[in-house]
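Student:
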Amino acid sequence: MVTGEKRIETPPTLKWVHLAIAVTSDVNENQVIKSVELASKYCSIHETISKVTVMSHEVRFIKPEA
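So this note's numbering is basically just the index in the sequence shown, starting at one, shifted up by 119.
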């Protein structure tokens with residue numbers, strides 16, 4: 120899920136953006152976290168938006184029920 124807030128001032132850029140990532144499969148948690156960190160570092164869209172707003176992210180692991 121992506122949430123954020125837009126500025127009222129002109130130009131109406133974003134104040135902040137938060138990425139909430141929910142992982143629902145059985146995966147290596149450390150690898151997923153590293154992937155998210157690398158994506159935030161090398162993704163051109165993330166890099167562009169982060170120049171004008173505060174970007175944050177969280178990863179939640181939801182264990183599949185047996």
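Even glycine gets a Cβ: it sits at the ideal position worked out from N, Cα and C. It should be emphasised that the depicted structure is a prediction, and the values quoted were computed from it without experimental measurement.
1) Taking only three categories from DSSP, how would you classify T122?
2) Name the residue from R126, M120, V136, V151 whose alpha carbon lies nearest to the alpha carbon of T167.
3) Look at V155 and V173 and say whether their C-beta atoms are less than 8 Å apart.
4) Going by Cα to Cα distance, which pick from K170, V171, H176 is closest to T122?
5) From Q150 to S169, what does the alpha carbon distance come to, in whole angstroms?
Tutor: The short version:
1) strand
2) V136
3) no
4) H176
5) 23 Å
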